[in-house]
Amino acid sequence: AQSVSQHNHHVILSEAASLELGCNYSYGGTVNLFWYVQYPGQHLQLLLKYFSGDPLVKGIKGFEAEFIKSKFSFNLRKPSVQWSDTAEYFCAVTPSGYSTLTFGKGTMLLVSP
Amino acid sequence: DAGVIQSPRHEVTEMGQEVTLRCKPISGHDYLFWYRQTMMRGLELLIYFNNNVPIDDSGMPEDRFSAKMPNASFSTLKIQPSEPRDSAVYFCASSPLAGGNTGELFFGEGSRLTVL
């Protein structure tokens, strides 16, 4: 079975700092990869996804992620964070063609103004 | 445009009591998923349905947990009897196609359960 590891449980940054959240997965075959975000008091929503093609994927609100197959990684990045980016971020993976997502345990990002 | 609707948002109950969590998926979505979120285990898939039929319930922790989907617009997750270790946030999500194929699960706001 596949698994997802997120490197940091909590990250604290100042506004305008750059962000990189690590995500590694374990699965030997072709995968689909996702980042979800949960803002305080809100439901999880899709930030970006990778199925195939360009390994650099751009999502909403200036986020991007890079799929590095050789490293089984799908790290999330943003050049300059804002206070409104304070949220919990979840990486998720599924083998291509499967129905269900396996989530990482999440990274809580706190951006101080 | 209504999203996935869950109720109750918060439930506090005593050990041994029956708990029923409810979910209304987005109209037209064929897939419905129940997830549980805890600090220790993160987001775990409990069960999912396709066209009201349970497809995989291997994530259901034990027989005290049961889930039903009597029609396309309603699902329940029941815990009987409840135990303190069941305390968690339970999320319902729906998808028009298999979550892995479309990439997007639409989540409800969750039901926070506390069992004393």
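Protein chains in written order, with the numbering used here: chain F, 1 to 113; chain Z, 1 to 116.
Glycine residues also receive a C-beta, built at the ideal position from the N, C-alpha and C atoms.
Computed from a prediction, not measured in an experiment: that's the story for all the values here.
The beta carbon of Gly28/Z does not come within 7 Å of any beta carbon belonging to chain F, so the residue lies off that interface.
In the DSSP assignment, Glu88/F falls within the unbroken beta strand (DSSP E) covering 87–95.
Within chain Z, the residues placing a beta-carbon under 7 Å from that of Phe103/F are Gly42, Leu43, ordered along the chain. Boundaries of the beta strand (DSSP E) harbouring Pro54/Z: 53–56, taken from the DSSP string. Contact note: Phe90/F reaches chain Z through Gly42, Leu43, using a C-beta cutoff of 9 Å and chain order. Ile12/F: member of the beta strand (DSSP E) spanning 10–14, first to last residue.
Contact annotation: Phe67/F and Phe74/F have beta-carbon atoms nearer than 7 Å. If you look at Gly42/Z, you'll find it in the beta strand (DSSP E) that goes 42–50. Taking 8 Å as the Cβ-Cβ cut-off, the region 42–57 of chain F approaches chain Z at Gln42, His43, Leu44, Gln45, Leu46, Lys49, Phe51, given in chain order.
Contact annotation: Leu45/Z and Tyr31/Z have beta-carbon atoms that are not nearer than 7 Å. In this structure the region 96–107 of chain F does not touch the region 84–91 of chain Z; the number of beta carbon pairs closer than 8 Å is below three. Residue burial annotation: Asp54/F is exposed, with fewer than 16 other C-beta atoms found within 10 angstroms of its C-beta. The contact set of Gly106/F on chain Z, defined by CB atoms closer than 9 Å, consists of Gln37, Gly42, Leu43 in chain order.
Per DSSP, reduced to three states, the secondary structure at Pro96/Z is coil, with no helix or strand assignment. Residue environment: Pro79/F is assigned as exposed (fewer than 16 neighbouring CB atoms within 10 Å of its CB, all protein chains considered). Only residues of its own chain outside the window of five on either side were considered, and among them Ser75, Thr76, Lys78 have a CB closer than 8 Å to the CB of Lys68/Z, listed in chain order.
Burial is judged here by how many other beta carbons sit within 10 angstroms of a residue's own beta carbon; Asn71/Z has fewer than 16 and is exposed. Residue environment analysis places Ala16/F among the exposed positions, since fewer than 16 neighbouring C-beta atoms fall within 10 angstroms of its C-beta.
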